[in-house]
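First the structure, in the form of structure tokens, and then the observations on it.
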Amino acid sequence: SVVNDCANNQFFIEVDITDLGNANTVDITNTGGAPDVLGAGLGISQVGPFPLGALVNLTVVHDQNNYCDLQFTNVTNPPCPTVSCGPDNTTLCYDNNENITNVYQSANTFPVAVVFNAGTVEVCCDDFEIRDGLDQFAPILFQGNNGGDMTGVIVVSTNPDNALWFNFTSDFSVSCTSQGTYTPLDWTVSCLDCTNPGATYELIPDCFERTYMVEVTVDSTGSAQSVDIVNSLNTDTLFNAGVGTHMVGPFGMDTAVTVTVLNGDNPLCRNLSPSLVWSTDSCVNVTCGFDNFEFCYDDDQDGYFVYQAAAAVPITINFISGNMLVGDKIVLYNGLDDQSALIFNGNNGGDLTGLTFNSNNPDNALALRVITNGTGSCADSTVTTPMRWWVACGEVGIGETTSDDLLVYPNPTTGQLFVDLQSDWFGNVQVQVLDVSGRVVMDRPLTVRTGTTSVMDLSSLQNGNYIVQLITDRWVKAQQVVVAR
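The numbers in this note's numbering rise by one with no breaks, and the one at position 375 of the sequence shown is 380.
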């Protein structure tokens with residue numbers, strides 16, 4: 006076995022002779038320049054000293070027959086521990102065929118810990134082994150690579166020496182250096198001579214933008230004067246935060262995040278949140294109304310209001326007022342999200358007043374999307390009338406409709422389109438045809454009567470997908486149409 010004398014930058018080799026064979030004594034010779042041991046008997050003989058890092062060959066020489074000699078080659082010392090309370094940081098973009106061993110030991114009576122701040126490795130073949138002590142014979146605390154991503158792994162010593170034996174090996178292929186797609190390893194070693202900060206976490210959703218913030222309330226900075234706040238989704242860090250409330254984010258809905266409050270003096274002392282996430286399902290407004298809403302839209306927005314009937318009946322959105330500029334629009338979906346069938350796409354000539362939309366889906370839901378550009382808005386007073394609407398259960402103010410209330414055929418059409426309105430109506434309607442961008446490509450009056458067929462000429466339109474909307478002061482009905490020749 007090898008005995009380190011790290012204080013004097015040297016080591017000794019202890020040779021335990023358990024059987025002399027047919028020899029009376031043995032000699033122990035070495036290639037490291039230390040005195041040979043002559044005439045050794047049973048028991049432990051110490052050879053050395055040797056400089057730290059030296060490779061030494063030993064020979065146990067039989068006193069009667071050299072063919073019975075016993076040899077040991079390339080004997081060297083294990084690493085001397087790095088005695089420090091840090092925090093000491095190491096960054097490594099590892100190469101192929103690495104074999105790195107370190108020993109970390111606390112400079113005081115507190116445990117020592119290793120925390121991985123970042124780093125990815127090849128899942129199959131590149132591994133860590135961290136043991137609870139000064140050498141490779143200590144109990145294993147961690148083994149493997151955490152599924153290839155070491156971020157967040159923490160290992161803390163429990164032994165009386167307050168030490169960790171640390172080893173990393175990589176195989177002959179695929180590494181940070183050779184591949185270029187792996188995140189360099191980044192770990193910090195420090196003594197746990199600190200107190201964890203205290204914090205609580207609350208989610209603050211923005212259902213319109215489909216994002217959420219995490220409100221972090223720090224009630225104690227632990228043994229430090231301040232804390233740093235980090236999260237698992239990006240590299241944003243709030244430094245030197247004190248006791249109080251701090252906002253972290255925004256994060257996309259349905260995306261989980263973990264927030265960590267770090268002791269400002271020693272990041273190994275920390276307060277870790279549970280996995281946090283806000284679901285888009287939680288943003289559905291379940292109601293039977295009448296509920297009134299107002300929205301003064303801003304530039305460059307793209308957001309949602311989602312409503313679902315609290316009873317097994319359709320739900321209705323009716324616009325009381327609201328102006329929009331050219332390039333700004335609303336989009337209505339017949340369901341809970343933008344994967345549902347499209348009902349309306351546009352801004353009704355800039356005036357939403359009187360538009361009424363009814364759900365016709367098993368979820369009894371409507372999704373209202375607002376999309377605006379950057380050339381003026383209600384928020385900057387370019388538009389003086391904000392959007393106002395009410396939501397209620399049932400198809401309020403109009404007759405019962407079915408999925409085939411508005412029939413358009415043939416679909417696809419080469420140009421001529423027949424329109425049949427199944428609900429009770431006689432009179433003029435305004436017909437708008439919108440392309441996939443929401444641009445109105447045709448706008449004309451049409452006389453419609455229940456039980457008769459009206460004809461539209463779409464031959465001037467290019468091949469593509471369109472929305473045909475019939476608009477009155479009481480309702481808006483729409484169907485998707487394909488023009489194909």
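Quick reminder that beta carbons are idealized off the backbone N, C-alpha and C, glycines included. Please read these numbers as outputs of a predicted model, since none were measured by experiment.
Between the CA atoms of residue j and residue i - distance to the nearest angstrom
{"i": "N378", "j": "K334", "result": "9 angstroms"}
{"i": "N14", "j": "V7", "result": "14 angstroms"}
{"i": "L40", "j": "V52", "result": "It should be noted that the sequence gives Pro, not Leu, for residue 40. Approximately 7 angstroms, taken between the alpha carbons."}
{"i": "V80", "j": "Y187", "result": "35 angstroms"}
{"i": "Q184", "j": "D131", "result": "13 angstroms"}
{"i": "M392", "j": "V253", "result": "31 angstroms"}
{"i": "R374", "j": "F213", "result": "9 angstroms"}
{"i": "I348", "j": "D368", "result": "15 angstroms"}
{"i": "Q344", "j": "Y338", "result": "8 angstroms"}
{"i": "A193", "j": "M258", "result": "Before going further, note that residue 193 is Thr rather than Ala in the sequence given. One C-alpha to the other measures close to 32 angstroms."}
{"i": "S89", "j": "T240", "result": "28 angstroms"}
{"i": "V504", "j": "V264", "result": "Nothing can be reported for residue 504: it is not among the residues displayed for the chain, which extend from 6 to 490."}
{"i": "G247", "j": "T114", "result": "29 angstroms"}
{"i": "I234", "j": "C293", "result": "42 angstroms"}
{"i": "C301", "j": "N353", "result": "17 angstroms"}
{"i": "D21", "j": "V158", "result": "40 angstroms"}
{"i": "N290", "j": "A316", "result": "13 angstroms"}
{"i": "F77", "j": "V126", "result": "35 angstroms"}
{"i": "L60", "j": "I18", "result": "11 angstroms"}
{"i": "L57", "j": "Q141", "result": "18 angstroms"}
{"i": "V161", "j": "Q148", "result": "14 angstroms"}
{"i": "N416", "j": "N468", "result": "12 angstroms"}
{"i": "T361", "j": "L208", "result": "34 angstroms"}
{"i": "V266", "j": "D211", "result": "23 angstroms"}
{"i": "D198", "j": "D296", "result": "57 angstroms"}
{"i": "Y309", "j": "N268", "result": "39 angstroms"}
{"i": "G351", "j": "R444", "result": "7 angstroms"}
{"i": "Q484", "j": "E299", "result": "28 angstroms"}
{"i": "I135", "j": "W170", "result": "6 angstroms"}
Beta-carbon separation (whole angstroms), residue i vs residue j, contact threshold 8 angstroms
{"i": "V223", "j": "A168", "result": "With a Cβ gap of about 33 angstroms, V223 and A168 do not count as contacting."}
{"i": "I376", "j": "D448", "result": "Actually they are not in contact, since the Cβ atoms of I376 and D448 sit about 20 angstroms apart, beyond 8 angstroms."}
{"i": "N328", "j": "D356", "result": "6 angstroms"}
{"i": "I325", "j": "L371", "result": "Between L371 and I325 the Cβ distance is about 16 angstroms, and since that is not below 8 angstroms, they are no contact."}
{"i": "T200", "j": "D100", "result": "With 8 angstroms as the limit, T200 and D100 do not qualify as a contact, their Cβ atoms being about 39 angstroms apart."}
{"i": "P255", "j": "T216", "result": "4 angstroms"}
{"i": "G124", "j": "D191", "result": "6 angstroms"}
{"i": "D137", "j": "P144", "result": "5 angstroms"}
{"i": "N276", "j": "A384", "result": "Contact doesn't hold; Cβ gap of about 38 angstroms is too wide."}
{"i": "P272", "j": "V42", "result": "With 8 angstroms as the limit, P272 and V42 do not qualify as a contact, their Cβ atoms being about 49 angstroms apart."}
{"i": "P189", "j": "C288", "result": "Not a contact, Cβ separation roughly 39 angstroms."}
{"i": "L475", "j": "V438", "result": "Wrong, their Cβ atoms sit about 11 angstroms apart, outside the cutoff."}
Sheet register partners of residue i (DSSP bridge)
{"i": "Q15", "result": "D10 and P56"}
{"i": "S207", "result": "In the sequence on display, residue 207 carries Glu and not Ser. Its beta-bridge partners are E220."}
{"i": "A246", "result": "V232"}
{"i": "A123", "result": "D191"}
{"i": "N35", "result": "L63"}
{"i": "Q484", "result": "V473"}
{"i": "C212", "result": "None; C212 has no bridge partner."}
{"i": "L75", "result": "V65"}
{"i": "T457", "result": "DSSP output for T457 lists no bridge partner at all."}
{"i": "T418", "result": "V488"}
{"i": "V80", "result": "V61"}
{"i": "V253", "result": "V219"}
{"i": "P450", "result": "Q435"}
Candidates the options: closest to residue i by CA position
{"i": "N491", "options": "Y338, S195 and L139", "result": "Any question about residue 491 goes unanswered here, given that the chain covers just 6 to 490."}
{"i": "L430", "options": "S228, T23, S459 and C199", "result": "Position check: residue 430 holds Trp in this sequence, whereas Leu was assumed. Nearest option by C-alpha distance: S459."}
{"i": "A45", "options": "V126, D68 and R215", "result": "D68"}
{"i": "V336", "options": "V311, T78 and A316", "result": "V311"}
{"i": "V481", "options": "D343, I105, G420 and G359", "result": "G359"}
{"i": "Q230", "options": "F244, M218, V221 and L238", "result": "F244"}
{"i": "C85", "options": "S111, P92 and N416", "result": "S111"}
{"i": "V413", "options": "N468, L463, D440 and N366", "result": "L463"}
{"i": "L411", "options": "S180, D166, F133 and R454", "result": "R454"}
{"i": "V488", "options": "L475, I49, L466 and D74", "result": "L466"}
{"i": "N363", "options": "S284, T390 and V396", "result": "V396"}
{"i": "L451", "options": "G469, L439 and V424", "result": "V424"}
{"i": "V318", "options": "L341, L273 and N365", "result": "N365"}
{"i": "S237", "options": "V219, G227 and R490", "result": "V219"}
{"i": "V66", "options": "V436, G420, S180 and L25", "result": "L25"}
{"i": "Y109", "options": "D286, N172 and V42", "result": "N172"}
{"i": "V128", "options": "N104, S180 and T95", "result": "S180"}
{"i": "V31", "options": "P54, D74, I322 and A12", "result": "D74"}
9 angstroms Cβ cutoff, residue i in contact with chain D
{"i": "D259", "result": "Absence of chain D from the displayed structure is noted, only one protein chain being present."}
(request) Would you list, in sequence order, the uninterrupted beta strand (DSSP E) runs of no fewer than 3 residues that lie entirely inside the region 146 to 187? (result) 159 to 161 and 168 to 174
(message) So within the region 279 to 304, which uninterrupted beta strand (DSSP E) runs reach at least 3 residues, ignoring any that extend past its ends?
(response) 290 to 292 and 296 to 300
(message) Quick check on the DSSP output: what are the complete beta strand (DSSP E) runs of length 3 or more inside the region 314 to 386, in order along the chain?
(response) 320 to 326, 334 to 339, 346 to 351, 361 to 363 and 370 to 376
(message) What ranges does the beta strand (DSSP E) occupy inside the region 85 to 119, keeping only unbroken runs of at least 3 residues that lie completely in it?
(response) 93 to 97 and 104 to 110
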